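S.K.: So the sequence shown is residues 658 to 969, counted in this note's numbering.
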Amino acid sequence: MSTFARFTPRRPLGRTGFAATLLGIGDLADRSLPLDTCVATARRAIDAGLNVIDTAPNYEDGYSEEIVGRVVRGTERDSVFVIDKIDHHADPVGPQIEGSLGRLALGHTDAFVFHNLSSLDVFGRLCETGGGFDQLADAVRSGKCRFRGISSHNPDVLRAALRAGVCDLVLFPVGPFVEPRYVTEILPLAKALGVGTVCFKTFGAGKLVGDTSGYNQPLKTRPRGKVSSGGSDDTAAVLPRLSVAECLHYTLTLDPDVALLGLSYPNEQDAAFAAARSFRPLTADRMEDIRQRAVEARRDKGPCWWNPDPAA
658 MSTFARFTPR RPLGRTGFAA TLLGIGDLAD RSLPLDTCVA TARRAIDAGL NVIDTAPNYE
718 DGYSEEIVGR VVRGTERDSV FVIDKIDHHA DPVGPQIEGS LGRLALGHTD AFVFHNLSSL
778 DVFGRLCETG GGFDQLADAV RSGKCRFRGI SSHNPDVLRA ALRAGVCDLV LFPVGPFVEP
838 RYVTEILPLA KALGVGTVCF KTFGAGKLVG DTSGYNQPLK TRPRGKVSSG GSDDTAAVLP
898 RLSVAECLHY TLTLDPDVAL LGLSYPNEQD AAFAAARSFR PLTADRMEDI RQRAVEARRD
958 KGPCWWNPDP AA
């Protein structure tokens, strides 16, 4: 176990009233590893004090939910904020929630959010009377979850959802290489409305810190693979990259409620913990330098599918 001092909650997650740590736990599932190993690694992050954990049915076909459920059942329930997701936007919400709660073996989550809700047309249908948001509100009233929201890769959808008042929290990308509107428009709007902000893509799906085209997709022609997800770092990178600390300090300077990180392996956790412990807000010049270097760091590493900016 890491020797780092425990993280402590720093402020409420939007209007939920839950005091969250600045780091959250994501990307837990790896079916190549035994369940007990994954559970122990997740508990390691909980033992470090982190208290927000994220999952979804389609993360390793429910394996992530099994892991999260085991971890949370071993803690004081109110001490951990569990976010789960609704993957299928055209299907009834209730059965999806029941399926997730069954895999989690929990009576409720703290939040269910519509997963990757990135189409305005789909968002509009979910807002119709009796649609997905009404069904999710029914789940809140029946005690299946406490809060509702969305995760999205489209600033237009996020803005519409925030203006419509249908979210208690929103999940979206914030990092050195994202469409600027997430930072200049969505983050301040959510804060002004008291909506919790849980932000991901700090490392650009790994592209900013390694020679990879995305999660668990090392560039095979390179002499090294992805640094994160348990990868090794025993040879020099061929392509430009940023450090874990540079990426995380950039995101933390922008100050979302929670920076959600992939923490599936002890080496990932220790790198993130060290970077968080050394954080001091960056100057404007330093932020601009990291932004410019991030452009180079993700070049030649495949499409940036989470960034709707065609110029990116």
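We put the beta carbon where it would ideally sit given N, CA and C, even for glycine. The structure displayed is predicted, hence computed values, not measured ones.
1) Can you give me the C-alpha to C-alpha distance between Leu-774 and Ser-808, rounded to a whole angstrom?
2) Taking the alpha-carbon of His-906 as reference, which of Pro-938, Phe-780, Asn-924 has the nearest alpha-carbon?
3) What residue from Tyr-720, Leu-758, Leu-826, Ala-702 has the CA that sits closest to Gly-674's CA?
4) Quick one: which unbroken beta strand (DSSP E) runs of 3-plus residues sit fully inside the segment 764 to 838? Chain order, please.
5) In its own chain, which residues sit with a C-beta less than 7 Å from the C-beta of Pro-669, not counting the 5 before and 5 after it?
6) Verify whether the separation of the beta carbon atoms of Val-901 and Val-866 is less than 7 Å.
7) Look up Pro-938 in the DSSP assignment and say whether it is helix, strand or coil.
8) Assuming Phe-834 and Arg-955 are in contact, meaning their beta carbons sit under 8 Å apart, how far apart are those beta carbons, in whole angstroms?
9) Expressed to the nearest angstrom, what Euclidean distance is found between the alpha-carbon atoms of Leu-844 and Ser-799?
10) Determine whether the beta carbon atoms of Thr-766 and Cys-824 lie at a separation below 7 Å.
11) My assumption, with CB atoms under 8 Å, is that Val-709 sits in contact with Val-915. Please give the rounded CB distance.
12) Tell me the residue span of the alpha helix (DSSP H) that contains Leu-758.
13) Can you grab the Cα-Cα spacing for the pair Arg-635 / Ala-705, in whole Å?
14) Does DSSP classify Val-737 as helix, strand or coil?
15) So Glu-722 and Arg-760 are in contact, right, with Cβ under 8 Å, and what is the actual spacing, rounded?
16) Thr-732 lies in the alpha helix (DSSP H); which residues open and close that run?
17) Going along the chain, which unbroken runs of the beta strand (DSSP E) with 3 or more residues stay wholly within the segment 662 to 710?
18) From the DSSP output, which residues share a beta bridge with Lys-742?
19) Check this for me: beta carbons of Ala-699 and Leu-679, under 7 Å apart or not?
20) Just to confirm, are Ala-862 and Thr-854 a CB contact at a threshold of 7 Å?
21) Would Ala-762 pass as a contact of Gly-806 if the rule is Cβ separation under 7 Å?
22) Quick check on the DSSP output: the alpha helix (DSSP H) that includes Ala-916 runs from which residue to which?
23) Report all residues from its chain with a CB closer than 7 Å to the CB of Asp-813; omit the five preceding and five following residues, and keep chain order.
24) Among Arg-667, Leu-850, Arg-672, which has the Cα closest to the Cα of Gly-681?
25) Alpha carbon to alpha carbon, what distance is there between Glu-785 and Asn-715?
26) Inspect the beta-carbon positions of Lys-742 and Val-770 and report whether they are closer than 7 Å.
27) Per DSSP, which one or two residues make a beta bridge with Cys-856?
28) Should Thr-859 go down as buried or exposed, given a rule of 16 or more other Cβ atoms within 10 Å for buried?
29) Just reading off the alpha helix (DSSP H) that Val-901 is part of, what are its end residues?
30) Alpha carbon to alpha carbon, what distance is there between Asp-693 and Phe-829?
31) Alpha carbon to alpha carbon, how far is Arg-701 from Ala-796?
32) Does Asp-946 come out as helix, strand or coil in the three-state DSSP assignment?
M.R.: Let me lay it out:
1) Straight-line spacing of the CA atoms in Leu-774 and Ser-808 works out to 6 Å.
2) By alpha-carbon distance to His-906, the top candidate from Pro-938, Phe-780, Asn-924 is Pro-938.
3) Comparing Cα-Cα distances from Gly-674 to each of Tyr-720, Leu-758, Leu-826, Ala-702, the minimum goes to Leu-826.
4) Counting only runs of 3 or more, we get 766 to 771, 802 to 808, 826 to 830.
5) Cβ within range, chain order: Phe-675, Ala-676.
6) Yes, they are a contact pair.
7) Here Pro-938 carries a coil assignment [DSSP, helix/strand/coil].
8) 5 Å between Cβ atoms; contact.
9) Within the model, the alpha-carbon separation for Leu-844 versus Ser-799 is close to 30 Å.
10) 7 Å or more divides the Cβ of Thr-766 from the Cβ of Cys-824.
11) That belief holds up - the Cβ atoms of Val-709 and Val-915 are roughly 5 Å apart, short of 8 Å.
12) It spans 750 to 761 - the alpha helix (DSSP H) in which Leu-758 sits, taken as one unbroken run.
13) Look at the range of the chain in this structure, 658 to 969, and you will see that residue 635 is not part of it.
14) Coil at Val-737, not helix or strand.
15) That pair is a contact at about 4 Å.
16) Segment: none, Thr-732 is in no alpha helix (DSSP H) and carries neither H nor E.
17) Taken in chain order, the complete beta strand (DSSP E) segments of 3 or more residues contained in the segment 662 to 710 are 680 to 683.
18) Answer is Val-770.
19) No Cβ-Cβ contact shorter than 7 Å links Ala-699 with Leu-679.
20) The answer is no: Cβ separation not under 7 Å.
21) In this structure, Gly-806 does not lie closer than 7 Å to Ala-762 by Cβ.
22) First-last for Ala-916: 915 to 919, but that is the beta strand (DSSP E), not the alpha helix (DSSP H).
23) Cβ-Cβ distances below 7 Å link Asp-813 to Leu-777 in the same chain, with the five nearest sequence neighbours on each side left out; the list follows chain order.
24) Closest by alpha carbon: Arg-667.
25) Using only the alpha carbons, I get a separation of about 25 Å.
26) A contact, by the Cβ cut-off of 7 Å.
27) DSSP output for Cys-856 lists Phe-829, Ala-916 as bridge partner(s).
28) The residue is buried, with at least 16 neighbouring Cβ atoms inside 10 Å.
29) For Val-901, the uninterrupted alpha helix (DSSP H) segment begins and ends at 901 to 911.
30) C-alpha separation (whole angstroms): 30 Å.
31) Their Cα atoms are separated by approximately 31 Å.
32) Asp-946: helix per DSSP, three-state reduction.
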